[in-house]
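K.L.:
Numbering (my numbering), first residue to last: 229 to 524. Even glycine gets a Cβ: it sits at the ideal position worked out from N, Cα and C. My structure is below; once you've seen it, I'll send some questions.
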Amino acid sequence: MSARISVMFVVVGLFFGFGLMDCCVNAAKFDELFQPSWAFDHFDYEGELLKLKLDRNSGAGFGSKSKYMFGKVTVQIKLVEGDSAGTVTAFYMSSDGPNHNEFDFEFLGNTTGEPYSVQTNIYVNGVGNREQRLNLWFDPTQDFHSYSIFWSQKQVVFLVDDTPIRVHSNMEKHGLPFPKDQPMGVYSSIWNADDWATQGGRVKTDWTHSPFIASYKGFEIDACECPASVTAAENAKKCTSNGSNRFWWDEPTIAELNVHQSHQLVWVKAHHMFYDYCTDAARFPVTPAECEHHRH
Ligand SMILES: *[C@@H]1O[C@H](CO)[C@@H](O)[C@H](O)[C@H]1NC(C)=O
């Protein structure tokens with residue numbers, strides 16, 4: 229499916245140029261792209277809508293049937309309504325193994341009326357510790373909103389309703405590793421994390437308010453599919469543009485944010501972000517190198 233769509237992109241792209249976020253993939257049904265990974269009895273799947281349930285017995289999680297390299301994945305989520313304190317709903321991409329790469333959205337619940345927080349993190353070669361946190365500019369429990377990860381050889385971009393909230397650029401030229409050699413799966417789950425999630429772990433999950441339900445729809449994956457039968461190196465080669473085969477995410481016009489998107493990111497950081505590992509001097513007395521470079 230992706231190959232055909234990519235061919236279409238090349239044809240359209242030749243005439244109109246590309247936009248990072250204009251992606252014209254139709255949303256798929258949950259079970260076309262994904263399967264439950266654990267707690268099948270905590271899934272409720274009807275028509276277009278998927279619900280994951282967390283109760284005293286279990287949370288639940290699902291994963292993509294395939295692994296991918298580069299492209300864009302999007303899902304629309306409506307987070308746990310009312311009292312969601314202690315709960316975490318995650319949407320992420322991850323490779324396997326001890327040196328895995330991972331791009332995380334984690335939605336940290338809160339007591340009724342207090343804002344959900346969104347934590348993002350990036351693991352490169354098995355090392356994370358790159359947390360950022362923000363409060364959203366809308367109530368994510370009232371409606372579905374889209375959450376996307378865009379991944380190319382140049383950057384990883386986290387987007388909320390197509391507004392970039394985080395960019396992790398390729399800084400290999402400064403000697404920093406960038407995740408571009410391992411296929412990744414796409415995952416989501418809901419679980420109890422009341423030891424740390426809400427107000428630093430002070431507020432515990434109130435099980436009298438369970439089940440806690442996260443709802444999903446509009447699953448989109450426009451990426452290069454990586455068969456498990458093929459080595460990571462061969463997949464990386466296959467998923468990289470070359471003379472005859474060009475992928476839309478490799479177009480130079482989307483190698484970095486455009487001016488409008490850069491302004492959006494500045495706005496998010498100024499008005500909504502309340503924690504950034506890059507400015508946490510207590511935790512990192514020496515500013516991480518990638519933070520230095522990101523500023524320029
Ligand atoms: C929950 O609400 C409190 C109070 O408004 C806020 O400080 C906190 O950042 C919110 N999010 C989490 C996950 O605790």
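#1: If you compare alpha carbons, which of Ala425, Ser374, Glu330 and His402 is closest to arginine 361?
#2: For the beta strand (DSSP E) containing serine 490, list its first residue and its last residue.
#3: Based on Cα-Cα distance, which residue from Glu274, Ala256, Val301 and Ala288 lies nearest to alanine 267?
#4: Flag alanine 425 as yes when its Cβ comes closer than 8 Å to any non-hydrogen atom of ligand 1, and as no otherwise.
#5: What residue range does the beta strand (DSSP E) around phenylalanine 335 cover?
#6: Does glycine 428 come out as helix, strand or coil in the three-state DSSP assignment?
#7: From what residue to what residue does the alpha helix (DSSP H) around aspartate 259 run?
#8: Tell whether a beta-carbon distance below 9 Å holds between tryptophan 435 and valine 316.
#9: Exposed or buried, what is methionine 337 when buried is set at 16 or more other beta-carbons lying within 10 Å of its beta-carbon?
#10: Apart from the five residues on each side of it in sequence, which residues of its chain come closer than 6 Å, Cβ to Cβ, to aspartate 504?
#11: Could you tell me whether the Cβ atoms of asparagine 363 and proline 392 are closer together than 9 Å?
#12: Just verifying my parser: in three-state terms, what is the DSSP assignment at glutamate 359?
#13: Pick helix, strand or coil for asparagine 420, following the three-state DSSP scheme.
#14: I'd like to confirm something about phenylalanine 502: is its beta-carbon nearer than 8 Å to some heavy atom of ligand 1, or not?
#15: Look at the alpha carbon of aspartate 478 and the alpha carbon of arginine 430, and state the distance between them as a whole number of angstroms.
#16: Among Glu260, Lys466, Pro411 and Ala255, which one has its Cα closest to the Cα of asparagine 327?
#17: Do you know how far the Cα of methionine 321 is from the Cα of serine 490?
#18: Can we count valine 308 as close to ligand 1, meaning its CB is less than 8 Å from some heavy atom?
#19: Please classify glutamate 274: does DSSP put it in a helix, a strand, or coil?
#20: Could you tell me the distance, in whole angstroms, from the CA atom of tyrosine 415 to the CA atom of tryptophan 365?
#21: Under three-state DSSP, which class holds threonine 317?
#22: Mapping DSSP to helix, strand and coil, what is threonine 436?
#23: How about phenylalanine 271 and lysine 281: do their beta carbons lie closer than 9 Å?
#24: Apply the 10 Å Cβ neighbour rule to histidine 396 and answer buried if 16 or more other Cβ atoms are within range, or exposed otherwise.
#25: Taking the alpha helix (DSSP H) that alanine 461 belongs to, which residues open and close that run?
#26: Whose C-beta lies closer than 6 Å to the C-beta of glycine 356 among residues of the same chain, with five residues either side of it excluded?
#27: Valine 308 and lysine 445 - do their beta-carbons sit closer together than 9 Å?
P.N.:
This is what the structure gives:
#1: Out of Ala425, Ser374, Glu330 and His402, Ala425 has the C-alpha closest to the C-alpha of arginine 361.
#2: Looking at the DSSP string, serine 490 is not in any beta strand (DSSP E); the run it does join, the alpha helix (DSSP H), is 487 to 499.
#3: For alanine 267, the closest alpha carbon among the candidates Glu274, Ala256, Val301 and Ala288 is that of Ala288.
#4: Result yes, Cβ under 8 Å from ligand 1.
#5: Segment 330 to 336, the beta strand (DSSP E) holding phenylalanine 335.
#6: The three-state reading of DSSP puts glycine 428 in helix, counting H, G and I together.
#7: Judged by DSSP secondary structure, aspartate 259 falls within the alpha helix (DSSP H) whose first and last residues are 258 to 261.
#8: For tryptophan 435 and valine 316, no; Cβs fall outside 9 Å.
#9: Here residue 337 is glycine; the residue named in the question, methionine, does not match the sequence. Per the 10 Å Cβ criterion, buried.
#10: Cβ within range, chain order: Gln360.
#11: No; because the gap between Cβ atoms is not below 9 Å, this pair is not in contact.
#12: Residue state, collapsed to three classes: coil.
#13: Strand.
#14: At least one heavy atom of ligand 1 sits closer than 8 Å to the Cβ of phenylalanine 502.
#15: Taking the straight line from one Cα to the other gives about 45 Å.
#16: Measuring from the Cα of asparagine 327, the nearest candidate turns out to be Pro411.
#17: Rounded to whole angstroms, the gap between the alpha carbons of serine 490 and methionine 321 is 24 Å.
#18: No, the Cβ of valine 308 stays beyond 8 Å of every heavy atom of ligand 1.
#19: Glutamate 274 sits in a strand when the DSSP states are folded into three classes.
#20: For the pair tyrosine 415 and tryptophan 365, the Cα-to-Cα distance works out to about 25 Å.
#21: Reduced to three states, the DSSP call for threonine 317 is strand.
#22: Assigned with DSSP and collapsed to three states, threonine 436 falls in helix.
#23: Yes, these two residues count as a Cβ contact at 9 Å.
#24: Histidine 396 is buried by the Cβ-count criterion.
#25: Looking at the DSSP string, the run of the alpha helix (DSSP H) that includes alanine 461 is 460 to 466.
#26: So the qualifying residues of the chain are Asn349.
#27: Remark: C-beta atoms of lysine 445 and valine 308 do not approach each other more closely than 9 Å.
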